[in-house]
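What follows is a single structure, written as structure tokens, with notes after it.
Protein chains: 2
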Amino acid sequence: MGSPSFTDRLNAVAADTEALLARLLDGTPLPGETARPERLVAAMRHAALGGGKRLRPFLLVESATLFGAPRDGALLAGCALELLHCYSLVHDDLPAMDNDDLRRGRPTVHKAFDDATAILAGDALLTLAFDILARDEVHADAKVRIALVRELARASGLGGMAGGQMLDLSAEGRFAEKRALSEKEIVTLQAMKTGALLRFACRAGALLGQADAGHLAAMERYGAAIGEAFQIADDLLDVEGDAATLGKAAHKDADAGKATLVAALGVAGARAKLEALIDAADGALAPFGAKADTLRDAARFVAERRN
Amino acid sequence: MGSPSFTDRLNAVAADTEALLARLLDGTPLPGETARPERLVAAMRHAALGGGKRLRPFLLVESATLFGAPRDGALLAGCALELLHCYSLVHDDLPAMDNDDLRRGRPTVHKAFDDATAILAGDALLTLAFDILARDEVHADAKVRIALVRELARASGLGGMAGGQMLDLSAEGRFAEKRALSEKEIVTLQAMKTGALLRFACRAGALLGQADAGHLAAMERYGAAIGEAFQIADDLLDVEGDAATLGKAAHKDADAGKATLVAALGVAGARAKLEALIDAADGALAPFGAKADTLRDAARFVAERRN
Numbered sequence: 463m464g465s466p467s468f469t470d471r472l473n474a475v476a477a478d479t480e481a482l483l484a485r486l487l488d489g490t491p492l493p494g495e496t497a498r499p500e501r502l503v504a505a506m507r508h509a510a511l512g513g514g515k516r517l518r519p520f521l522l523v524e525s526a527t528l529f530g531a532p533r534d535g536a537l538l539a540g541c542a543l544e545l546l547h548c549y550s551l552v553h554d555d556l557p558a559m560d561n562d563d564l565r566r567g568r569p570t571v572h573k574a575f576d577d578a579t580a581i582l583a584g585d586a587l588l589t590l591a592f593d594i595l596a597r598d599e600v601h602a603d604a605k606v607r608i609a610l611v612r613e614l615a616r617a618s619g620l621g622g623m624a625g626g627q628m629l630d631l632s633a634e635g636r637f638a639e640k641r642a643l644s645e646k647e648i649v650t651l652q653a654m655k656t657g658a659l660l661r662f663a664c665r666a667g668a669l670l671g672q673a674d675a676g677h678l679a680a681m682e683r684y685g686a687a688i689g690e691a692f693q694i695a696d697d698l699l700d701v702e703g704d705a706a707t708l709g710k711a712a713h714k715d716a717d718a719g720k721a722t723l724v725a726a727l728g729v730a731g732a733r734a735k736l737e738a739l740i741d742a743a744d745g746a747l748a749p750f751g752a753k754a755d756t757l758r759d760a761a762r763f764v765a766e767r768r769n
Numbered sequence: 463m464g465s466p467s468f469t470d471r472l473n474a475v476a477a478d479t480e481a482l483l484a485r486l487l488d489g490t491p492l493p494g495e496t497a498r499p500e501r502l503v504a505a506m507r508h509a510a511l512g513g514g515k516r517l518r519p520f521l522l523v524e525s526a527t528l529f530g531a532p533r534d535g536a537l538l539a540g541c542a543l544e545l546l547h548c549y550s551l552v553h554d555d556l557p558a559m560d561n562d563d564l565r566r567g568r569p570t571v572h573k574a575f576d577d578a579t580a581i582l583a584g585d586a587l588l589t590l591a592f593d594i595l596a597r598d599e600v601h602a603d604a605k606v607r608i609a610l611v612r613e614l615a616r617a618s619g620l621g622g623m624a625g626g627q628m629l630d631l632s633a634e635g636r637f638a639e640k641r642a643l644s645e646k647e648i649v650t651l652q653a654m655k656t657g658a659l660l661r662f663a664c665r666a667g668a669l670l671g672q673a674d675a676g677h678l679a680a681m682e683r684y685g686a687a688i689g690e691a692f693q694i695a696d697d698l699l700d701v702e703g704d705a706a707t708l709g710k711a712a713h714k715d716a717d718a719g720k721a722t723l724v725a726a727l728g729v730a731g732a733r734a735k736l737e738a739l740i741d742a743a744d745g746a747l748a749p750f751g752a753k754a755d756t757l758r759d760a761a762r763f764v765a766e767r768r769n
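Protein chains in written order, with this note's numbering: chain A, 463 to 769; chain B, 463 to 769.
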């Protein structure tokens, strides 16, 4: 999957992200902090360290590289994005939400600690994401940092990721009689729940590189295609995968009757849609020529991933 | 309690805050948002509208006024702060945390909706706070806005409010054998759990007015005194108040054996400490002369409040 150099690049960002997250989540209070309670630090580290492909930081760092932005600032912004992603997993896993016991093959935060600690850890991870984006080290220009803050907030809040999770719970029939969603409604739900953060990752690199409006729009199109492909690949994995490979329960979504494009289009239809999305991602990157080859590989990687 | 003009000013900020929050929480998606799910909007409105003295926005607006910052930007920043405060109430009220059914005399969000919706509403309120602080209308200078983002994140996260709630749950003996906290430990806990946001309110006004370091430090001292006084007044109310006045269960903290300074110092000792804190607040405001009279009244108001 991907050329050797693609895998090397992916692994390098994952390793750097892991190391930086470990430093960001140490126990020493920063200026303006009174103390960092040990139990909360431990729960946040459990949530954020030790795993994952770090796909969002990778897309952010590689997009930043395309626009000539320094890697260190992009890595820090990538960590902010990853912390925000991790908060959403911690809260989604709670008994009141999706009630998951396993995540990346390990106990979820509320299983390893307790529900109250998991709620607080999620809150603190979300908050830390904005703390980090506001730091000088992300970018020398405060206007760039404030744009990142605004875009991440908008991608992840009421009209983005959190809103998407709300729609997903509604679609499960949690609050009223369950009804089948149309293909269009499923696309909207997924664009919010998982797509918004992936789009942000791609836009953030362009913002860090102070790209012009045309290039920003190209990265938005690329990110949207990646986001949709990610979700379809995820749904295919849920149908076809097994728990050992996934590190979480398989068939969970299908068993819950969750609204997915795989259910709407069938497996063959979903695979065809994935190919079309890889082409769309390719097309969005056309203005950048060979410089964007890593991002092209990334689109195929996202669409074809097996775990 | 306070001169008539003080009450007028307090009520004016409360009314303006309420109106602005209602607009910020309407159902229309902003640029970058896909859709605003109806149920989530309703839960967020339930959490944020229709109540409270809006003390935090008031302190922020009056501090901004002291430093000559425009009222509109301060009100918007005040709304961000209030949304963040409201998120903390929604999550703290959850069954997994303090398990409260009533807030300001109305059902808490998880009672009016359900636990999952309350978790998401809290998450989205927290996120919206940072979205708002990042907007141009808060202040023309992006450096000012990014400073507000960083300080609010630090006041409310791992080393601030969320950390304080973690310490409070630990002090209740939730995760290990309960042990009595020292007076110093109680002060630290409360400085994080409730003090940090009140300190931020006072510092934020100075940041909006681009105050110099000496004046910022004065507002930090003022805010710290207000924060400590607020908590002691709250604990006295818990001991002496009744549910009808409070709009929530009285004696709840005392019944839970929560660590409070009233328990540590006794009622008379706590009242003496309150007077000392009013003096400290006064002292911090000395450089500003009569221009700071509203903030002086605010300190007494916080210390002497009866609900």
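Built from N, CA and C at the ideal position, the CB exists for glycine as well.
- For Ala542/A, the enclosing alpha helix (DSSP H) covers residues Arg533 to Asp555.
- Considering only Met654/B, Leu614/B and Arg768/B, the residue with the shortest C-alpha distance to Lys646/B is Met654/B.
- Around the beta carbon of Asp555/A, 16 or more other beta carbons sit within 10 angstroms, so the residue counts as buried.
- Looking from the CA of Glu634/A, the closest CA among Pro519/A, Thr570/A and Leu651/A belongs to Leu651/A.
- Neighbourhood of Ile581/A in chain B, by CB distance below 8 Å: His553, Leu556, Ala558, Met559 and Ile581, in chain order.
- In this structure, Arg518/A lies near Ala663/A, with their beta-carbon atoms less than 7 Å apart.
- Asp630/B sits buried, since 16 or more C-beta atoms from the chains shown fall within 10 Å of its C-beta.
- Comparing alpha carbon positions, the residue from Asp563/A, Arg768/A, Glu480/A and Asp759/A closest to Leu538/A is Glu480/A.
- In the structure shown, the three-state DSSP call for Pro569/B is strand.
- Listed in chain order, the non-local C-beta contacts of Ala732/A below 8 Å within the same chain comprise Ile694, Asp697, Leu698, Leu723 and Val724, local neighbours out to five positions each way being set aside.
- Counting only Cβ-Cβ distances below 7 Å, Gln627/A has contacts in chain B at Leu582, in chain order.
- Glu690/A is classed as buried because its beta carbon has at least 16 other beta carbons within 10 Å across all chains shown.
- Shown here for Leu522/A: same chain residues with a beta carbon closer than 7 Å to its own, the five before and five after excluded, namely Ala536, Ala539, Gly540, Leu543, Ala663, Ala666 and Gly667 in chain order.
- Under the DSSP assignment, Glu639/B falls outside any alpha helix (DSSP H); it carries neither an H nor an E label.
- A distance below 7 Å separates the beta carbons of Leu502/A and Gly625/B.
- Ranking Arg768/B, Glu737/B, Glu500/B and Ala497/B by CA distance to the CA of Ala687/B puts Glu737/B first.
- Put simply, the CB of Val649/A is far from chain B, with every gap to its CB atoms at 7 Å or more.
- For Ala746/B, the closest alpha carbon among the candidates Gly513/B, Leu590/B, Gly676/B and Ala484/B is that of Gly676/B.
- Between Phe529/A and Leu472/A, the CB-CB gap reaches or exceeds 7 Å.
- With fewer than 16 other Cβ atoms from the protein chains shown falling within 10 Å of its own Cβ, Arg641/B counts as exposed.
- Ala591/A is the residue among Arg568/A, Asn561/A, Gly751/A and Ala591/A whose C-alpha sits nearest the C-alpha of His547/A.
- Using a Cβ-Cβ cut-off of 8 Å, Ala624/B is close to Leu502, Leu582, Asp585, Ala586 and Thr589 of chain A, given in chain order.
- Nearest neighbour of Arg768/A by Cα position, chosen from Leu511/A, Gln672/A, Lys515/A and Arg498/A, turns out to be Lys515/A.
- Taking Gly489/A as reference, the option from Gly621/B, Arg607/B and Phe763/B with the minimal CA-CA separation is Gly621/B.
- Per the coordinates, the alpha-carbon of His572/A lies some 15 Å from the alpha-carbon of Ala578/B.
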